[in-house]
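Numbering (my numbering), first residue to last: 2 to 973.
First comes the structure, then the notes that go with it.
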C-alpha cells in the first residue's frame with residue numbers, strides 16, 4: 002500500500018513537469034520567433050507584442066496562424082523598419098508557408114536555411130540590404146516554393162544553378178541586383194513559371210534559342226542587362242505571354258515572325274537595343290497590345306498600315322529610329338491611344354490631322370522633316386480631344402505659316418514646343434487662355450509683332466522661350482502674373498522699352514536672358530530681391546544707369562552686362578559719375594576726423610565752387626543726414642532715457658570683436674559675417690507695416706540692408722528678464738556660430754541696456770502653420786513635401802541637441818519654409834538669454850502654444866531636458882500628417898490630437914487620420930510608421946522618448962525603402 006501511495010505522489014510531482022515539456026514541444030513556434038527577434042533591431046516597436054510568456058503567437062503583429070493547427074503559417078513584416086540578420090530560429094516553424102520581410106534594412110548574406118522549410122510556398126526578401134554571393138546550392142531543397150523575390154538588394158555573382166530544383170516555382174524576381182554571367186540554363190526547364198524578372202543586373206550572353214518548357218509564362222523582364230544576339234525565334238510558342246520587356250540591352254537582328262502568334266500580349270518593350278529592318282506588317286496581329294515601345298533602335302522604312310488594327314493601343318513609341326514617309330491614316334482607328342512619340346525619325350509630309358481627333362494626351366513629332374502649316378490640323382481637332390491634350394512637341398521640323406488662334410482651345414495643355422521651324426506672324430493672344438501651361442517654347446522661328454499682353458494669363462508658366470525671332474515692342478508688365486516662372490529667354494529679338502519692374506515679383510526666377518535686343522532705361526533696383534537668380538543676361542542692349550547692388554548683381558559676369566554703353570558699375574568696369582562716397586563707420590562720439598571726408602583745402606583755391614568742392618559738400622551733406630538718422634533711431638528706441646546719439650559699430654569675422662565705443666550710453670551692433678550697412682533699414686524697426694508677427698519673446702520685422710539683403714529682426718520684449726550685456730553677448734555669440742541648413746541663421750545683434758535686437762536671415766516662404774492650416778487647396782503640401790518638412794525639422798533639432806541647446810518653444814509657427822520647400826527651425830535657444838530657466842516664464846511666456854508642452858513642465862521635480870523638444874516634435878509630426886491643430890475646441894468638448902491618433906491606432910484605423918485633403922495620395926508604408934513615431938515621441942515618460950538623432954535615423958529608414966522605385970506607392 003505504501004508503495005502505491007508513493008508511486009502516486011511521485012507521479013503527481015512529475016506530472017506538471019511532463020505537461021510543461023509537452024507544451025514546449027507544441028510551442029516551437031514561439032521559441033523560433035523569439036530567437037529570430039533576438040537577432041534583429043526594432044526601432045519602431047512593431048514587434049512589441051511578441052511576448053515569450055504568451056501561450057500562442059497567433060495574435061502577434063505580423064503573424065498569421067492556420068486555424069486548424071493553430072501553428073504559424075505566415076510571417077509578413079513588410080516595411081517594419083527592422084534591421085539585423087535572419088537567424089536559424091525560423092527553422093522551428095515547420096508549418097510556415099509564407100515568409101515576407103520586404104522593405105526593411107536586413108543585411109549580410111543569406112544561407113540556404115531560409116528555403117529548407119518543408120511547407121514554405123512564398124519567400125520575399127526584396128528591398129533590403131542583403132549582399133554577397135548566393136551559394137550555388139541555395140535552392141537545392143526548394144521543391145514546395147511557388148514564389149521567390151530577392152529584388153532590390155546587393156547580391157552579386159552568378160544566379161545559382163540549383164534554381165532548376167524549384168519545379169513548382171511560379172514567380173521568380175531577382176531584379177535590381179548585381180548578378181552577372183550567363184542566364185542559367187536551368188531556368189528554362191521550369192514549366193510552371195508564370196513570371197520571370199531578371200531586370201537591372203549585369204547578365205550577358207545570348208538568350209537561349211531553344212528555350213522550351215515555359216509554356217505557362219505570362220511575363221518576362223530582362224531589361225537593363227548586357228544581353229546580345231537575336232530575339233529567340235521560339236518566343237512564339239509562349240502563347241500565354243502578356244508582357245515582354247527586353248529593353249536596354251544589345252540585342253540585334255530583325256523581329257521573328259513567330260511573335261505575331263502572341264495574341265494575348267499587352268506589353269512589348271524593346272527600346273534601346275540594335276534591332277534592324279522595318280516595323281513588320283504582322284505587328285497588327287498582336288491585337289491585345291496596349292504598349293508598343295520600339296524606340297532607340299535601327300528600324301527603317303515606312304510605318305505599317307496594320308498598326309490601325311491595334312484598337313487597344315495606349316502608348317506607341319518608335320522615336321530615335323530611321324522611320325520615313327507618312328504615318329498611315331489607319332492610325333485614326335487607334336481610339337485608345339494616349340501617347341504617340343515618333344520624334345527623331347525622318348517622317349515627311351504635314352502634321353496628320355487625325356492626331357487631334359483620337360483624344361491623345363501626348364503628341365511628340367520633334368526632329369523630323371514635316372512641312373506645311375498647322376491650320377488644317379488644328380481646325381480638324383474635336384472639342385473633346387482638345388480637352389485631353391497635355392503635351393505637343395513639333396519642334397525641329399520644316400513647318401511654316403502662322404500659329405493658329407485655335408491653340409487657345411487646348412486648355413489642358415501643359416507643354417507646347419514648336420521651336421526651330423519657319424513659322425511667321427504674331428504670337429496669338431489666345432496663348433493667355435492656357436492656364437495649365439508650364440512650358441512655352443516658340444524659339445528659333447520667324448515670329449514678329451509684340452509679345453501679347455494676354456500672356457500673363459498663362460500664370461502656370463515655368464519656362465518661357467521666345468529667343469531668335471523678330472519680336473518687337475515692349476516686354477509686357479503682365480509677365481509678373483506668371484508667379485511660378487523659373488526660366489525666361491527673350492534674346493535675339495528687337496524688343497524695346499524698359500525691363501519691367503514686375504519681374505521682381507517672380508520669386509522663383511532662376512535664369513533670364515534678354516540679350517541682343519534694344520532695351521532702354523534703368524534696371525529696376527527691386528531685382529536684387531530675386532533670391533534664386535542664377536543668371537541675368539542683358540548684354541547688347543541700350544540700358545543705362547547704375548547696375549542694382551546686391552544679390553546676383555554683386556557677382557554678375559561682365560559678359561552678361563557687356564555692350565550697354567551707358568551702363569555703369571563694377572561689373573562693366575565703368576564708374577558712375579553720380580555716385581557719392583558713403584561713410585563706412587559713423588561714430589558721433591569720436592573727436593577724430595571722419596574717414597572718407599574731404600579736407601577744406603582740397604581742390605583749386607581760385608575756384609569758389611569747383612567740381613571737387615561740390616562733391617565734398619554733397620558728401621558732407623550725406624554724412625550729416627546719416628548722423629541725424631542714426632540719432633533719431635537711438636532716441637526713439639531708447640525713449641525711456643534721454644541719451645543722445647549712439648555709435649553703431651560693425652564687427653566682421655569669426656572673432657566677434659566688440660564695438661569700438663566704450664560709452665555706456667552707446668548702442669552696439671555686431672554682424673557675424675562681414676561688414677553690413679544696417680542704417681538703411683532701421684526705420685523698419687518702428688514701422689508697423691514691416692512687422693511679420695509677434696511671439697512670446699517679441700515682435701519680428703522685415704528690413705533690407707544697404708547691400709540689398711533682406712533680414713528679419715526680432716525686437717525682444719523681455720528686457721526685464723534678459724541677462725547682463727556680458728552674459729547676453731556670450732550666449733548670442735554661441736548661437737551666432739550655429740550653421741545648419743535646417744536652422745534659421747542668427748546673423749547679428751544690437752544691444753543697449755533698454756533695447757535688444759536679434760538679426761536673422763530672412764526666410765521668404767512663410768511658416769509651417771500657414772502652409773498646413775491656412776493654404777488654399779492649390780497650395781496644399783503634398784505627402785513628399787510634408788515628409789521632407791518632418792525630416793528636415795528633425796535634423797535641425799538633432800543638431801541643436803548635439804550642441805546642448807534646448808529649443809523649448811517648438812511649434813508649427815516656429816518652423817519656416819524657404820523658397821525650396823525646405824524647413825528651417827526658428828526661435829531656438831532664446832531661453833538661454835534669461836538669467837534663469839524659470840518654469841513659469843517658460844510655460845507662460847515662451848511655451849505659449851497649448852498642445853506642444855511636455856507634461857514634465859507641470860512637475861517641478863522633473864528635470865527639463867531635450868526630451869521636451871522631442872515631445873513637441875511628436876505633436877508637430879501628428880499635426881503635419883493629419884492637418885489638424887494640436888488642440889481644437891469644439892462646442893462641448895476639447896479635442897487633443899495625440900489622444901485622437903492614439904485611439905485610432907488602437908482601433909486599427911490610424912490610416913484614416915491622414916489629412917483628407919491629400920485624397921489618398923500618400924504611401925501607406927510611410928504614413929503609418931511616421932504617425933507611430935509621432936506617438937512614441939509624445940510618450941508621457943521622458944525616458945521612453947527617443948533622442949532626435951534616433952528620430953532622424955528612423956525617418957530615413959522609413960523613407961529609404963521607397964526611393965528609386967519605378968512603381969508608384971501603394972495609396973489608399
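Built from N, CA and C at the ideal position, the CB exists for glycine as well.
Residues bridged to residue i [DSSP beta-bridge criterion]
i           : result
residue 124 : 100 and 149
residue 712 : 704 and 762
residue 519 : 497
residue 880 : In the DSSP output, where bridge partners are listed per residue, residue 880 has none listed.
residue 205 : 227
residue 987 : Outside the shown range of the chain, which is 2 to 973, sits residue 987, and nothing can be said about it.
residue 426 : 448
residue 824 : 818
residue 270 : 246 and 294
With 16 other Cβ atoms within 10 Å as the buried cut-off, status of residue i
i           : result
residue 60  : exposed
residue 838 : Reliability of the predicted coordinates at residue 838 is poor, the pLDDT of 45 falling under 50, and the value obtained from them is presented with this limitation in mind. Residue 838 comes out exposed.
residue 342 : buried
residue 153 : buried
residue 794 : buried
residue 900 : exposed
residue 941 : exposed
residue 774 : exposed
residue 996 : Missing from the structure shown is residue 996; the chain here goes from 2 to 973 and no further.
residue 669 : buried
residue 353 : buried
residue 380 : exposed
residue 757 : buried
The alpha helix (DSSP H) enclosing residue i, as first and last residue numbers
i           : result
residue 795 : 784-803
residue 952 : 949-960
residue 899 : 898-907
residue 299 : First-last for residue 299: 299-303, but that is the beta strand (DSSP E), not the alpha helix (DSSP H).
residue 771 : 769-774
Beta-carbon proximity of residue i to residue j, cut-off 7 Å
i           : j           : result
residue 30  : residue 58  : yes
residue 497 : residue 519 : yes
residue 882 : residue 932 : yes
residue 267 : residue 286 : no
residue 362 : residue 339 : yes
residue 280 : residue 300 : yes
residue 108 : residue 89  : no
residue 335 : residue 314 : yes
residue 193 : residue 158 : no
residue 122 : residue 98  : yes
residue 538 : residue 565 : no
Range of the contiguous beta strand (DSSP E) that encloses residue i
i           : result
residue 543 : 543-547
residue 923 : No beta strand (DSSP E) holds residue 923; DSSP gives it neither H nor E.
residue 451 : 447-451
residue 357 : Neither: residue 357 is in no beta strand (DSSP E) and is coded neither H nor E.
residue 726 : Taken as a continuous stretch (DSSP letters only), residue 726 belongs to no beta strand (DSSP E), being part of the alpha helix (DSSP H) at 726-737.
residue 747 : 747-753
Residues near residue i by beta carbon distance below 8 Å, same chain, minus five either side
i           : result
residue 297 : 272, 273, 274, 320, 321 and 322
residue 765 : 508, 532, 711, 819 and 820
residue 136 : 112, 113 and 161
Residue i Cβ short of 6 Å to the ligand SAH heavy atom set
i           : result
residue 332 : What this structure holds is no ligand at all, so the ligand SAH is not there to describe.
Cβ-based neighbour list, residue i, same chain, cut-off 7 Å, excluding 5 preceding and 5 following
i           : result
residue 796 : 743 and 953
residue 486 : 462, 463, 465, 507, 509 and 510
residue 456 : 432, 433, 477, 479 and 480
residue 748 : 672, 673, 674, 712, 760, 761 and 762
residue 622 : Low per-residue confidence applies at residue 622: pLDDT is 49, beneath 50, and the placement is therefore not dependable enough to give any value.
residue 885 : 898
Residues of its chain near residue i, where Cβ-Cβ distance is below 6 Å and the 5 sequence neighbours each way are ignored
i           : result
residue 35  : 53
residue 422 : 398, 400 and 446
residue 44  : 82 and 955
Min CB distance residue i to chain B below 7 Å
i           : result
residue 808 : Of the protein chains in this structure there is only one, and it is not chain B.
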